[in-house]
DNA sequence: GCCAAGATAAACT
DNA sequence: GTTTATCTTGGCA
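Numbering (the numbering used here), first residue to last: -8 to 200.
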């Protein structure tokens, strides 16, 4: 399948200029894609987390701007890539320039460039069903690797970069969007700032009521 | 300069 | 469900 770039609408700057929790929720069902040498790789977002600019000790911005989190304080729509445990996580800056708010993309349903994803993830010919495809992008570090994004891509922009973006694929489908506590953090664990498409088979962990 | 911690994921039992 | 490989960052000496 080729990426329907001509039919897809790139999300405008205004999309990011809302409360971070709303942006995180609205990104469920949108597409993310990255093009390297003519090949678009990406899929549909099924899991996100909001990291707020104030009152959120779990956010990287909680202790102010440093050299490593600087792009989290850049313009809305800029990509913040952070290394962790020898891997990477990918965020989109939200709200306003200089405040330090972002949405972490945690999982996508892979749709375009599956062979490229397999190659980058070190998997061979594992495209048969969704159980195999789950090994591609069902975690923030996995999807970064599958999309070919690392710390060098920190600071690129989802709005202006011709090879990187979020896209609206058209009429929204019926989705059961659920808010849950965020994963893997030690502070502010009670806050429900993780948003999922509850019926997706591509969550980092399956949802049950 | 040293060292503990971390928005993880794979390999275990 | 639990353990562990792996390495950048930032706080402190």
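Ideal placement from N, C-alpha and C gives every residue a C-beta, glycine not left out.
Outcome for residue i when other beta-carbon atoms lying within 10 angstroms are tallied against a minimum of 16
i, result
"residue 33", "buried"
"residue 111", "buried"
"residue 62", "buried"
"residue 199", "exposed"
"residue 59", "exposed"
"residue 124", "buried"
Contact under 8 Å by Cβ, residue i with residue j
i, j, result
"residue 22", "residue 14", "no"
"residue 79", "residue 142", "yes"
"residue 105", "residue 131", "no"
"residue 86", "residue 173", "no"
"residue 164", "residue 46", "no"
6 Å Cβ shell around residue i - same chain, five flanking residues per side excluded
i, result
"residue 64", "56, 89 and 91"
Own chain residues within Cβ distance below 7 Å of residue i, not counting five before or after
i, result
"residue 194", "37, 38, 98, 129 and 187"
"residue 115", "109"
"residue 53", "47"
"residue 179", "47, 48 and 49"
Close beta carbons around residue i, own chain, < 8 Å, minus the five adjacent residues each side
i, result
"residue 25", "31, 32, 33, 138, 139, 140, 154 and 155"
"residue 147", "69, 70 and 155"
"residue 196", "174"
"residue 82", "42, 63, 70, 71, 72, 73, 93, 94, 95 and 96"
Contact belief for residue i with residue j at Cβ below 8 Å, rounded distance in angstroms
i, j, result
"residue 84", "residue 144", "Incorrect: roughly 14 Å between the Cβ atoms, too far for contact."
"residue 5", "residue 160", "With 8 Å as the limit, residue 5 and residue 160 do not qualify as a contact, their Cβ atoms being about 18 Å apart."
"residue 2", "residue 158", "7 Å"
"residue 176", "residue 16", "Their Cβ separation, rounded to whole angstroms, is 18 Å, which puts residue 176 and residue 16 out of contact at 8 Å."
Open item on the list: Under 8 Å: do the segment 146 to 160 and the segment 62 to 72 share three or more Cβ pairs, one atom per stretch?
Closed with: The segment 146 to 160 is in contact with the segment 62 to 72.
TODO: State whether the segment 118 to 129 contacts the segment 173 to 186, with contact taken as three or more CB pairs (one from each stretch) at a distance under 8 Å.
DONE: Counting Cβ pairs under 8 Å, fewer than three are found: no touch.
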